[in-house]
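Asks:
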Amino acid sequence: MSDAAATPALRAFDDRIDHLYRRWLRSALPPTLREVARALPHAMSFSPQPRWRTWRDVYGTPVFRALPFLIAEAFPSVPRATLEQLGVAHVLIILLALIDDRLNDRQLAFARDTNLLRYAVEGEIHALLGTTVGPRADFWRRFRRDVSEYVDGHSTEPVLWIGRRPAYTHSHYARDSAAKTAVCRITAVAVALLGGAPPPAVRRVVALLDHYLVGMQYLDDAVDWEEDFRGGRWTYFLQLHLRPQEARRAVPVTLAALRSRVATSQVTADFFARGSRHYAACLRLLGAFDMPTFRDWVIHKRDRLHGMATARRQQQDTYRQHFVQTLTRAFDDQYPIMLRKSSSRSKRM
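Taken in order, the sequence shown gives residues 13 to 361; the numbers are from my numbering.
1) If contact is defined by three or more beta carbon pairs under 8 Å, each pair taking one atom from either stretch, is the segment 243-260 in contact with the segment 72-87?
2) Can you name, in chain order, every residue of its own chain whose Cβ lies under 6 Å from the Cβ of A84, other than the five neighbours on each side?
3) Please go through the same chain and pick out, in chain order, the residues whose beta-carbon is closer than 7 Å to the beta-carbon of E136, but skip the five residues on each side of it.
4) Give every residue of the same chain whose Cβ lies closer than 6 Å to the Cβ of D233, excluding the five residues on either side of it in the sequence, and list them in chain order.
5) Curious, which full-length alpha helix (DSSP H) runs of at least 4 residues does the segment 258-340 contain?
6) If I measure Cβ to Cβ from R148 and keep anything under 7 Å in the same chain, skipping five residues before and after, which residues do I get?
7) Checking 8 Å against the spacing of the C-beta atoms, do D125 and L45 come in under that value?
8) May I have the straight-line CA-CA distance separating L231 from H312, to the nearest angstrom?
9) DSSP on G99, reduced to helix/strand/coil?
10) Cα separation between D308 and L298?
11) On the criterion of 16 or more Cβ atoms from any shown chain inside 10 Å, does E239 qualify as buried, or is it exposed?
12) Considering just the uninterrupted stretch of the alpha helix (DSSP H) at T144, what are its terminal residues?
13) Locate the alpha helix (DSSP H) running through A194, then write down its first and last residues.
14) One question on the structure: do C196 and L221 come within less than 8 Å of each other, judged by their Cβ atoms?
15) Exposed or buried, what is P211 when buried is set at 16 or more other beta-carbons lying within 10 Å of its beta-carbon?
16) What is the DSSP secondary structure of T199, reduced to helix, strand or coil?
17) Give the single residue among V201, Y331, Y291 whose Cα lies nearest to the Cα of F87.
18) In whole angstroms, give me the CA-to-CA distance for D329 and R156.
19) Identify which residue in G146, P43, A121, A300 has its Cα closest to the Cα of V218.
20) For A281, I'd like the list of residues in its chain whose CB is within less than 6 Å of its CB, leaving aside the five on either flank, ordered along the chain.
21) May I ask which residues mark the beginning and end of the alpha helix (DSSP H) holding V362?
22) Using the Cα positions of R316 and A190, report the straight-line distance between them to the nearest angstrom.
23) How would you write the range of the alpha helix (DSSP H) that Q251 sits in, first residue to last?
24) Let me know the secondary structure DSSP gives Y162 once reduced to three states.
25) Given a cut-off of 8 Å, decide if T199 and L79 are closer than it, judged by their beta-carbon atoms.
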């Protein structure tokens with residue numbers, strides 16, 4: 013669902029959150045930090061422009077940007093003003109997660125102004141959540157759990173890069189991917205609780221978001237693997253194409269060698285297929301809620317990744333057939349010569 017394909021209600025909410033976010037930049041931040049915030053997308057390689065006018069230039073589709081709106085379709089009793097505050101909190105949470113991700117990957121240099129911006133963002137997130145949710149113990153327990161899981165998730169990759177955990181599987185990958193994005197659940201949980209959702213329904217919302225975000229991670233890692241390799245970032249996709257000593261960085265590996273391995277392996281198709289299955293799992297969980305906008309988007313994502321997996325397998329089947337045909341022609345060209353030589357030797361004997 014592109015901006016053009018978004019429903020009028022979703023576009024209106026998206027526009028409103030964009031306005032409120034830009035107002036926060038202008039009114040809450042001193043000029044120095046305001047400039048840092050506007051320059052960050054370019055510094056983090058999310059934008060080709062050195063400055064940005066709106067967070068929508070960075071955050072992709074309105075679906076991910078406007079998550080509180082999507083969840084609220086199933087909880088219409090949540091007031092519009094509350095949703096708008098949670099919408100701004102969600103955008104700030106994503107901004108904070110992007111900063112942390114780039115700092116951990118050393119794509120963004122640690123600097124005083126960046127740290128001050130992080131503090132300002134964190135402070136506004138807490139203020140917005142405090143205003144909208146209040147002192148609800150059930151929310152703040154979940155909040156602390158999600159933040160703790162998020163911190164643990166971001167501490168995993170350095171350990172993996174130095175080869176301390178060689179027995180890594182897709183189950184570990186799904187768990188760690190969900191942990192790295194755990195803070196993205198926070199505003200969705202707030203909407204569900206404020207809308208009167210019982211604990212089982214809240215857990216279901218968390219589970220469907222985890223499947224959605226893991227599906228997104230499978231796609232990103234398969235598509236962006238060259239950028240990850242150049243940036244020195246660990247991903248499970250890369251590990252599956254590296255030999256043990258290469259994974260531990262004891263032996264160097266070239267980009268050309270990896271391109272050859274990726275081209276001939278089944279990993280890319282498998283990542284697309286697994287991502288599609290996570291979207292399918294998200295869709296099954298969405299069946300318990302009336303969230304039509306979210307459901308339609310997840311159907312689109314599921315079908316898109318399934319199609320990409322099928323196309324990738326067909327591409328590799330064609331490549332293998334061409335390779336076999338090439339070998340066969342080469343053998344056929346040489347076989348008569350070999351046969352004549354064998355016949356001459358038998359006559360001499």
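Glycine included, C-beta positions come from ideal geometry on N, C-alpha and C.
Replies: Reading it off the structure:
1) No contact exists between the segment 72-87 and the segment 243-260.
2) A distance below 6 Å between beta-carbons, with the five flanking residues on each side excluded, links A84 to the following residues of its chain, in chain order: V90, L95, V203.
3) Apart from sequence neighbours up to five positions away, the residues of its chain that approach E136 with a beta-carbon distance below 7 Å are W36, A40, L104, ordered along the chain.
4) Shown here for D233: same chain residues with a beta carbon closer than 6 Å to its own, the five before and five after excluded, namely T247, F249 in chain order.
5) You should have 267-276, 279-298.
6) Once the five neighbours on either side are set aside, the close Cβ partners of R148 are L205.
7) In this structure, D125 lies near L45, with their beta-carbon atoms less than 8 Å apart.
8) Whole-angstrom Cα-Cα distance: 14 Å.
9) Reduced to three states, the DSSP call for G99 is helix.
10) Whole-angstrom Cα-Cα distance: 10 Å.
11) The residue in question, E239, is exposed, as its Cβ has fewer than 16 Cβ neighbours within 10 Å.
12) T144 -> alpha helix (DSSP H) spans 124-145.
13) Careful: A194 lies outside any alpha helix (DSSP H) and carries neither H nor E.
14) Yes, they are a contact pair.
15) P211 comes out exposed.
16) Looking at T199 - three-state DSSP - the assignment turns out to be helix.
17) Selected option, being the one with the closest Cα: V201.
18) In a straight line, the C-alpha of D329 is about 48 Å away from that of R156.
19) Proximity to V218 across G146, P43, A121, A300 peaks at A300, based on C-alpha coordinates.
20) Taking A281 as the centre and dropping the five residues before and after it, the same chain places the C-beta of A321, R324, R325 closer than 6 Å to its C-beta, in chain order.
21) Residue coverage of the chain in this structure runs from 13 to 361, which leaves residue 362 outside it and unanswerable.
22) Computed Cα separation, rounded: 21 Å.
23) Looking at the DSSP string, the run of the alpha helix (DSSP H) that includes Q251 is 248-251.
24) DSSP places Y162 within a helical segment (H, G or I) once states are collapsed to three.
25) Going by beta carbons, L79 and T199 fall inside the 8 Å limit.
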